[in-house]
Every structure is written in C-alpha cells, then in structure tokens.
Amino acid sequence: MTLQEMIAADPLPLAMGAQWTYQVTVKKYDPALDKDVTSQLSWTTEVLEAREMNGVTAYRVKGWPSDLADFDKAPVATERTLLRSGNTFLWAAPGEAGLDGAEGWFSWPLLDGQQICPNKELVYCWQVSGVETGYELTYSTGPDEQTYQLQPGTGVARYAYLRHGTRDVVEAKLVDFQKGKP
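Under this note's numbering, the very last position in the sequence shown is 183; numbers go up by exactly one each time.
So, in structure tokens, the structure goes:
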C-alpha cells in the first residue's frame with residue numbers, strides 16, 4: 002500500500018457487527034510453579050452498537066485488546082465506547098457515550114515521529130512510528146507499555162503489552178477481520 006493509499010484508507014473501520022479475531026500469547030511468571038508460563042488463546046473484539054449524534058459516532062465495543070493486560074486472572078472482555086468525529090478517535094468516559102469527559106486517542110492521518118498527548122495534565126503521550134503496513138502507537142508509563150499497530154483498512158492488526166520490571170507480556174496478532182455493516 003502506498004503512502005497515499007494508506008492515508009486514504011480508513012485507519013479503524015468501525016461499524017456495527019465488525020469483528021477482529023486475534024491469536025494471543027500470554028507470558029507471565031507463575032509464583033506457584035516458580036517459573037514463567039506461556040498460554041495461547043483466541044480473542045475477539047467486536048462492535049456491538051453504533052449510534053450517531055451531532056456528527057459524532059459512538060461505537061460500543063466489546064473485548065478491546067487492552068482487556069488482555071490483566072495478569073492476575075483470565076482476561077474478561079469488557080465493553081467500552083470509542084467515539085469518532087471525522088478522522089478523530091476518542092475514548093468516552095466510563096458510562097458515557099458523548100464527548101464530555103472523553104479522552105483523545107489519535108487523529109488520522111498519523112505521522113512517523115508524532116507525539117499524541119491525550120491529557121495535558123499527564124506527562125505520558127502516545128509515540129507514533131511508521132511501519133511497513135501502517136503505524137504503531139506506543140504508550141509507555143513507568144510500570145507498563147502498550148502498542149497498537151494500526152493497519153489502514155483493517156484496524157488494530159497487532160496489540161502488545163508488557164509490564165516493566167517483570168517478564169509479563171501479551172501479544173495479540175490479528176488472524177481474521179470481518180467488516181461490519183455501515
């Protein structure tokens with residue numbers, strides 16, 4: 002895909018019924034066994050509902066890849082609301098479906114080397130890196146780091162999470178994408 006084709010493509014094709022299926026590898030230290038253990042699982046992210054109001058579309062999404070970052074128990078698919086206004090993507094505040102209290106994620110197109118700071122009160126920002134198939138957005142804090150690889154026309158093609166100071170790692174790779182109904 003050329004740069005122009007990438008820019009013209011939808012970075013995150015959210016639509017009612019869209020599904021992304023991932024093959025997930027979880028590596029973590031098991032204190033009972035006193036060793037690292039690796040497990041595999043299949044994970045599905047799906048758009049349950051899409052509502053448009055005043056130029057903003059709210060997508061109720063179940064099983065966003067960040068749900069996989071719970072090392073204390075088996076991951077549970079929760080529901081979140083992702084907002085889209087034009088080519089700007091934001092996370093709605095818990096229990097909300099509008100812009101009030103929403104936290105910015107990114108605006109398309111992205112640029113290699115770009116820094117996206119969703120909250121001016123925090124020192125943590127998303128770092129953008131260009132990769133062959135799209136862009137990686139990496140968010141690093143003191144205790145952890147998460148990376149989303151966005152592939153235009155498909156959405157999140159890879160998710161990775163690691164907890165600094167441990168050997169705990171999650172990597173989810175897209176194995177299937179089903180478009181939703183516009």
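Glycine included, C-beta positions come from ideal geometry on N, C-alpha and C.
Residues near residue i by beta carbon distance below 7 angstroms, same chain, minus five either side
i    : result
S40  : V27
G131 : D113
R81  : V62, W65, W92
P183 : A16
C126 : Q116, I117, C118
Close Cβ partners of residue i (< 8 angstroms) along its chain, the five nearest in sequence each way excluded
i    : result
A94  : D101, G102, A103, E104
G166 : P144
R168 : K28, K29, Y30, D37
Beta-carbon proximity check, residue i vs residue j, cutoff 9 angstroms
i    : j    : result
Q179 : A19  : yes
G181 : M7   : no
L91  : W106 : yes
Y162 : L69  : yes
E137 : Q150 : yes
W44  : A78  : yes
K174 : R159 : yes
S67  : N88  : no
W21  : T3   : no
Cα-Cα separation between residue i and residue j, rounded to whole angstroms
i    : j    : result
A9   : G64  : 27 angstroms
D11  : V157 : 12 angstroms
Q24  : D73  : 20 angstroms
P119 : D31  : 34 angstroms
G56  : P110 : 19 angstroms
G154 : D35  : 43 angstroms
D177 : L42  : 14 angstroms
T142 : K29  : 19 angstroms
Y140 : S86  : 22 angstroms
D71  : M17  : 27 angstroms
A33  : M54  : 51 angstroms
Q128 : K121 : 15 angstroms
G96  : V171 : 27 angstroms
T58  : A75  : 31 angstroms
Closer than 8 angstroms: residue i CB and nearest the ligand ZN heavy atom
i    : result
G156 : As far as ligands go, the structure on display features none, and thus does not contain the ligand ZN.
DSSP state of residue i mapped onto helix, strand, coil
i    : result
D68  : helix
A9   : helix
L185 : This structure cannot settle anything about residue 185, because the visible part of the chain is limited to 2 through 183.
L111 : coil
L4   : helix
A78  : coil
D177 : strand
T22  : strand
D73  : coil
R168 : coil
T134 : coil
E146 : strand
Nonlocal neighbours in the same chain, by C-beta distance under 6 angstroms from residue i, ignoring five residues either side
i    : result
Y60  : L15, V48, A51, L83
Q152 : T134, G135, A158
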